[in-house]
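K.L.:
Below: one structure in structure tokens.
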Amino acid sequence: MSKIPFAVIFDMDGTLFQTETVLVPALHKTFDRLRREGLWQEDTPVKEYLRILGVPVSEVWRQLMPEASEAVRDRAAAWFLDDIIDEIEHGNGRLYPDVLTTLAVLADQGIPLFVASNGRQRYLAAIRTAFLLERYFIDFYSLDRFSLMSKSALVKQLLNDYGIEKAVMVGDRRSDIQAAKDNGIWSIGCRFGFAAGEELAEADVVIEQFRELAALDWPPLV
């Protein structure tokens, strides 16, 4: 395989996809089912989920249901995946403003585009299908596809698989910025996503709106 001189790698949740448009109703469905099964008695932990969004799925459910058994957490995760995909397939999800037009500009410039996400393969596939994202992206990498445990390891896998010499990671969480640092590439932090406080302090560039990417002189910073 020939090497790729430069590529842009995107996170999905909070960067391309407005996750809360499907997450909140799906989460309520899942916890309603848990309550019916006698496996949960409290309110649906929406705020807690939004706070930790972006960490690996297994860690999400450990934090949401710390007193539950691993079997119950696995069952909840499976139900939630089904519920969130159902929301996407019924057209309830949204990309951030200007995502498609900006991706089209980057693709027209011949920039190879990738996704590296902590989300599950089925989840990414549902978003890809709903918005026809295969028009713009070469590949979609997820932790469960490679049985990896961190965004840093996932980005490393992608860079190695495609022989990418230089890259920029675009994301909204500390894990995205750390993945860039760990792999010796530059980072662009998205302020419009789920980042809190100084979470993007170490990003090389911070943008307030997705369309700002179209105005950059690519490849930037490298």
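Counting from 1, one number per residue, gives the positions in the sequence shown under UniProt numbering. For every residue, glycine included, the Cβ atom is placed at its ideal position computed from N, Cα and C.
1) How would you write the range of the beta strand (DSSP E) that Ser142 sits in, first residue to last?
2) Just confirm the distance between the C-beta atoms of Val99 and Tyr141, as a whole number of angstroms; I'd bet it's less than 8 angstroms.
3) Taking 8 angstroms as the threshold (C-beta atoms), are Arg120 and Val57 in contact?
4) Exposed or buried, Asn160, counting other C-beta atoms within 10 Å across all chains shown (16 or more means buried)?
5) Spatial neighbours of Phe137 within its chain, please: CB distance less than 7 angstroms, with the 5 preceding and 5 following residues excluded, ordered by chain position.
6) Output the distance between the C-alpha atoms of Ile177 and Tyr96, rounded to the nearest integer angstrom.
7) Does the distance from the CB of Ser152 to the CB of Asp108 come in under 8 angstroms?
8) Quick one, are the C-beta atoms of Tyr49 and Leu16 less than 8 angstroms apart?
9) Measure the alpha-carbon distance for Ile185 versus Ser2 and round it to whole angstroms.
10) By DSSP, does Ile185 sit in helix, in strand, or in coil?
11) Going along the chain, which residues of its own chain have a beta-carbon closer than 7 angstroms to the beta-carbon of residue 224, five neighbours each way excluded?
12) Going by other Cβ atoms of all chains shown within 10 Å of its Cβ, with 16 needed for buried, is Ser69 buried or exposed?
13) Which partner residues of Ile9 appear in the DSSP bridge assignment?
14) Of all the options Ala71, Glu199 and Arg35, which has the alpha carbon lying nearest to the alpha carbon of Gly54?
15) Report buried or exposed for Met149, applying the criterion of at least 16 other Cβ atoms within 10 angstroms of its Cβ.
16) Against chain C, does Ile52 count as a neighbour if the rule is that its beta carbon must be under 8 angstroms from one of theirs?
17) Taking contact to mean at least 3 C-beta pairs separated by less than 8 angstroms, is the segment 67-87 in contact with the segment 120-135?
18) Hey, out of Ala215, Glu202, Phe10 and Asp82, whose CA is closest to His28's CA?
P.N.:
Concretely, from the data shown:
1) Along the sequence shown, one-based indexing puts residue 142 at 142. Start and end: Asp139 to Ser142.
2) The residue labelled residue 99 in the question sits at position 99 within the sequence shown. The residue labelled residue 141 in the question sits at position 141 within the sequence shown. That pair is no contact at about 18 angstroms.
3) Within the sequence shown, numbered from 1, the residue matching residue 57 stands at position 57. Within the sequence shown, numbered from 1, the residue matching residue 120 stands at position 120. Yes; because the gap between Cβ atoms is below 8 angstroms, this pair is in contact.
4) By one-based count along the sequence shown, residue 160 stands at place 160. By the 10 Å Cβ count, Asn160 comes out exposed.
5) For the purposes of this step, residue 137 is taken as the residue at position 137 of the sequence shown. Within the same chain, Cβ atoms closer than 7 angstroms to the Cβ of Phe137 are found at Leu113, Phe114 and Val115, the five residues on either side in sequence being excluded.
6) Residue 177 sits at position 177 when you count from the first residue of the sequence shown. Residue 96 sits at position 96 when you count from the first residue of the sequence shown. Rounded to the nearest angstrom, the two C-alpha atoms are 20 angstroms apart.
7) Counting from 1 along the sequence shown, the entry for residue 152 is found at position 152. Counting from 1 along the sequence shown, the entry for residue 108 is found at position 108. Cβ atoms of Ser152 and Asp108: not closer than 8 angstroms.
8) Translated into the one-based positions of the sequence shown, residue 49 becomes position 49. Translated into the one-based positions of the sequence shown, residue 16 becomes position 16. Not in contact: Tyr49 and Leu16 (Cβ atoms no closer than 8 angstroms).
9) Locating residue 185 in the sequence shown gives position 185, where the first residue counts as 1. Locating residue 2 in the sequence shown gives position 2, where the first residue counts as 1. Taking the straight line from one Cα to the other gives about 20 angstroms.
10) Along the sequence shown, one-based indexing puts residue 185 at 185. Here Ile185 sits in coil by DSSP.
11) The displayed coordinates of the chain run from 1 to 222. Any statement about residue 224 would go beyond what the structure contains.
12) Counting from 1 along the sequence shown, the entry for residue 69 is found at position 69. Exposed: under 16 other Cβ atoms inside 10 Å.
13) Here residue 9 refers to the residue found at position 9 when the sequence shown is read from its first residue. DSSP lists Phe114 and Met169 as partners of Ile9.
14) The sequence position of residue 54 within the sequence shown is 54, counting from 1. Selected option, being the one with the closest Cα: Glu199.
15) Against the sequence shown, residue 149 aligns to sequence position 149. That one is exposed.
16) No chain C appears in the structure shown, which is made up of a single protein chain.
17) yes
18) Along the sequence shown, read from residue 1 onward, the residue named residue 28 stands at position 28. Of the candidates Ala215, Glu202, Phe10 and Asp82, the one whose C-alpha sits nearest the C-alpha of His28 is Asp82.
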